[in-house]
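Residue numbers (full-length UniProt numbering): 1 to 117.
Shown next, in the form of C-alpha coordinates:
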(Lines of atoms letter the chains of each structure in order from A and count residues from 1; the text may use other names and numbers.)
(Lines give C-alpha, C1' and ligand atoms only; values in the text may rest on other atoms or scores of the structure.)
Protein backbone atom coordinates (compact mmCIF):
# COMPACT_ATOMS: atom_id res chain seq x y z
CA UNK A 1 0.00 0.00 0.00
CA UNK A 2 1.26 3.43 -0.85
CA UNK A 3 0.78 6.11 1.80
CA UNK A 4 2.18 8.91 -0.38
CA UNK A 5 -1.15 10.01 -1.77
CA UNK A 6 -2.31 12.21 -4.56
CA UNK A 7 -5.98 13.07 -4.29
CA UNK A 8 -8.44 15.65 -5.55
CA UNK A 9 -11.66 17.24 -4.32
CA UNK A 10 -15.18 17.15 -5.80
CA UNK A 11 -14.92 20.82 -6.79
CA UNK A 12 -11.48 20.52 -8.45
CA UNK A 13 -11.70 21.90 -11.98
CA UNK A 14 -11.09 19.33 -14.69
CA UNK A 15 -8.78 21.78 -16.49
CA UNK A 16 -6.48 21.64 -13.43
CA UNK A 17 -5.94 17.87 -13.60
CA UNK A 18 -3.39 17.62 -16.42
CA UNK A 19 -0.31 17.56 -14.21
CA UNK A 20 -1.78 14.87 -11.94
CA UNK A 21 -2.66 12.52 -14.79
CA UNK A 22 0.77 12.83 -16.35
CA UNK A 23 2.00 10.77 -13.37
CA UNK A 24 -0.91 8.46 -12.43
CA UNK A 25 -3.95 6.91 -14.08
CA UNK A 26 -6.38 7.45 -11.24
CA UNK A 27 -6.85 9.29 -7.96
CA UNK A 28 -9.11 9.13 -4.93
CA UNK A 29 -11.56 11.99 -4.38
CA UNK A 30 -11.89 13.25 -0.80
CA UNK A 31 -14.43 15.66 0.70
CA UNK A 32 -12.06 18.56 1.34
CA UNK A 33 -8.55 19.54 2.31
CA UNK A 34 -9.47 19.24 6.00
CA UNK A 35 -11.68 16.14 5.63
CA UNK A 36 -10.06 13.14 3.92
CA UNK A 37 -13.29 11.13 3.81
CA UNK A 38 -13.28 9.15 0.56
CA UNK A 39 -16.23 10.16 -1.64
CA UNK A 40 -15.20 8.95 -5.10
CA UNK A 41 -12.48 7.89 -7.51
CA UNK A 42 -11.41 9.61 -10.70
CA UNK A 43 -9.65 7.73 -13.49
CA UNK A 44 -7.94 8.95 -16.62
CA UNK A 45 -10.79 7.32 -18.56
CA UNK A 46 -13.30 9.57 -16.73
CA UNK A 47 -11.61 12.62 -18.24
CA UNK A 48 -13.32 11.85 -21.56
CA UNK A 49 -16.74 12.51 -19.98
CA UNK A 50 -18.30 15.98 -20.28
CA UNK A 51 -18.11 18.16 -17.19
CA UNK A 52 -16.42 21.11 -15.53
CA UNK A 53 -15.48 19.73 -12.10
CA UNK A 54 -14.49 16.33 -10.72
CA UNK A 55 -17.94 15.64 -9.23
CA UNK A 56 -19.40 15.86 -12.77
CA UNK A 57 -17.35 12.89 -14.00
CA UNK A 58 -16.13 10.79 -11.03
CA UNK A 59 -17.10 7.26 -10.02
CA UNK A 60 -19.09 7.38 -6.82
CA UNK A 61 -19.65 5.64 -4.49
CA UNK A 62 -16.04 4.46 -4.56
CA UNK A 63 -14.84 0.89 -4.27
CA UNK A 64 -12.50 0.79 -1.25
CA UNK A 65 -10.86 -1.62 1.17
CA UNK A 66 -9.82 -1.38 4.80
CA UNK A 67 -6.23 -1.46 5.98
CA UNK A 68 -6.66 -4.81 7.66
CA UNK A 69 -7.86 -6.52 4.44
CA UNK A 70 -5.57 -9.06 2.81
CA UNK A 71 -3.82 -8.58 -0.53
CA UNK A 72 -6.10 -11.21 -2.05
CA UNK A 73 -9.15 -9.19 -0.95
CA UNK A 74 -7.89 -6.11 -2.79
CA UNK A 75 -7.10 -8.20 -5.87
CA UNK A 76 -10.62 -9.68 -5.84
CA UNK A 77 -12.16 -6.20 -5.58
CA UNK A 78 -10.07 -5.02 -8.54
CA UNK A 79 -11.21 -7.95 -10.66
CA UNK A 80 -14.86 -7.77 -9.59
CA UNK A 81 -15.18 -4.04 -10.23
CA UNK A 82 -12.71 -3.87 -13.14
CA UNK A 83 -10.59 -1.16 -11.51
CA UNK A 84 -6.83 -0.67 -11.41
CA UNK A 85 -6.50 0.78 -7.92
CA UNK A 86 -8.26 0.45 -4.59
CA UNK A 87 -8.25 3.29 -2.05
CA UNK A 88 -7.65 2.13 1.51
CA UNK A 89 -9.74 3.72 4.26
CA UNK A 90 -9.94 3.55 8.04
CA UNK A 91 -13.08 2.77 10.06
CA UNK A 92 -14.38 6.34 9.50
CA UNK A 93 -13.89 6.09 5.69
CA UNK A 94 -10.87 8.44 5.86
CA UNK A 95 -8.32 7.86 3.11
CA UNK A 96 -5.12 6.28 4.48
CA UNK A 97 -3.54 4.74 1.37
CA UNK A 98 -4.00 3.20 -2.05
CA UNK A 99 -3.23 -0.20 -3.53
CA UNK A 100 -2.42 -0.48 -7.22
CA UNK A 101 -1.99 -3.47 -9.52
CA UNK A 102 1.78 -3.10 -9.09
CA UNK A 103 1.37 -3.37 -5.31
CA UNK A 104 -0.67 -6.57 -5.77
CA UNK A 105 1.89 -8.16 -8.10
CA UNK A 106 4.76 -7.19 -5.79
CA UNK A 107 3.03 -8.71 -2.75
CA UNK A 108 2.13 -11.89 -4.61
CA UNK A 109 5.69 -12.17 -5.92
CA UNK A 110 7.03 -12.02 -2.37
CA UNK A 111 4.63 -14.80 -1.31
CA UNK A 112 5.42 -17.07 -4.27
CA UNK A 113 7.65 -20.11 -3.89
CA UNK A 114 11.26 -19.48 -4.98
CA UNK A 115 11.08 -22.26 -7.62
CA UNK A 116 8.14 -20.69 -9.47
CA UNK A 117 9.02 -18.49 -12.44
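Note that beta-carbon positions come from the ideal geometry of N, C-alpha and C, so glycine has one too.
Beta carbon of residue 14 nearer than 8 Å to that of residue 54: In this structure, residue 14 places its C-beta atom within 8 Å of the C-beta atom of residue 54.
Classification of residue 66 by the beta-carbon crowding that lies within 10 angstroms, buried from 16 upward: By the 10 Å Cβ count, residue 66 comes out exposed.
Endpoints, beta strand (DSSP E) assigned at residue 100: Residue 100 -> beta strand (DSSP E) spans 95 to 100.
Local Cβ density within 10 Å of residue 11, reported as buried at 16 or more and exposed below that: It is exposed - the Cβ of residue 11 has fewer than 16 other Cβ atoms within 10 Å.
Inter-stretch contact (C-beta, 8 Å, three-pair minimum) for the stretch 100 to 111 and the stretch 70 to 77: A contact is defined here as three or more CB-CB pairs under 8 Å, and the stretch 100 to 111 meets this definition with respect to the stretch 70 to 77.
Residue 44, DSSP secondary structure in three states: Residue 44 falls in the helix class under three-state DSSP.
Residues of its chain near residue 75, where Cβ-Cβ distance is below 6 Å and the 5 sequence neighbours each way are ignored: Closer than 6 Å at Cβ, skipping near neighbours: 104.
Limits of the unbroken alpha helix (DSSP H) element including residue 20: Taken as a continuous stretch (DSSP letters only), residue 20 belongs to no alpha helix (DSSP H), as it is neither H nor E.
Residues sharing a beta bridge with residue 26, DSSP: Its beta-bridge partners are 43.
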